[in-house]
Amino acid sequence: EGARVVILGRPNAGKSTLLNALLGFNRAIVSSTAGTTRDTIEEGFVLDGIPLRIIDTAGLRETDCEIEAEGIRRAEAHSEEAHLSLYLLDASQPLHEEDRSRLEKLVPERSVIILNKVDQGRRIARLPNPESRTVEASLISGTGISELKQAMAETL
Ligand code: GDP
Ligand code: MG
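For the sequence shown, the UniProt record's numbering begins at 223 and goes up steadily by one.
1. Where does A225 sit, in a helix, a strand or coil, going by DSSP?
2. Using only Cβ atoms and a threshold of 5 Å, which residues come within that distance of a heavy atom of ligand 2? Order them by chain position.
3. Under a Cβ-count criterion, where at least 16 other Cβ atoms within 10 Å of its own Cβ denotes burial, should L266 be classed as buried or exposed?
4. Would you call the stretch 284-304 in contact with the stretch 357-366, where contact means no fewer than 3 C-beta pairs closer than 8 Å?
5. Would you say K371 and L269 are within 9 Å of each other, going by their C-beta atoms?
6. Unbroken beta strand (DSSP E) runs of length 3 or more, entirely within the stretch 241-291: which are they?
7. Give the DSSP bridge partners of T356, in chain order.
8. Is the beta carbon of G257 less than 9 Å from the beta carbon of P233?
9. Give a yes or no on whether the C-beta atoms belonging to G236 and K339 are separated by under 9 Å.
10. For the candidate residues A313, E376, R324, whose alpha-carbon lies nearest to that of residue 388?
11. If I'm right that I276 touches V329 with Cβ under 8 Å, what's the distance once you round it to whole angstroms?
12. Can you look up L325 in the DSSP assignment and give me helix, strand or coil?
13. Do you know how far the Cα of S238 is from the Cα of T285?
14. Is it the case that the Cβ atoms of R260 and G293 are separated by a distance below 9 Å?
15. Given this structure, state the Cα-to-Cα distance separating L308 from E331, to the nearest angstrom.
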């Protein structure tokens, strides 16, 4: 059925942009409104002959909204089952405390960290994941996608 790849990160990090870039069509709604993706979106995808299931998720953040909270619980459940987690950060902003605690829980052999939005500058210097693979990207223009695909293929 394919290895499961889950896309994780805070609202607005660029998760849905990444899903669309990998698929090559606009499957998910991309918006600057945080909380646009509430339920998980799953699609099949073949990377270098490897069949994958790629899962876009609700942005991870503290919330009082029960629907959004359910989306976040689903994202967390998917992340536990995933063969590979793609953890997106908006690297043009300082590292958020909620990201720090989630990053610390990632398994290095099963995750790739993406420093997105470097077209707007880079304000994240050091990550709490010295062993994890990281890729710089500007997904809005497609920069970093080929390096990310290579990192994915090598990690899977
Ligand atoms: P999600 O909430 O994590 O799914 O984020 P989206 O994919 O919906 O993107 C949130 C916003 O960030 C949208 O307005 C995107 O166009 C924008 N965005 C995504 N990637 C980049 C990037 O590399 N650079 C810049 N400047 N904006 C980006
Ligand atoms: Mg989204």
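Glycine included, every Cβ here is placed at the ideal spot set by N, Cα and C. For clarity, every value in this text was computed on a predicted model and none was experimentally measured.
Let's see:
1. strand
2. K237, S238, T259
3. According to the sequence displayed, residue 266 carries Gly and not Leu. So G266 ends up on the exposed side.
4. no
5. yes
6. 263-269, 272-278
7. I335
8. yes
9. yes
10. Limits of the chain in this structure are 223 at one end and 378 at the other, which puts residue 388 out of reach.
11. Their Cβ separation, rounded to whole angstroms, is 18 Å, which puts I276 and V329 out of contact at 8 Å.
12. helix
13. 20 Å
14. yes
15. 12 Å
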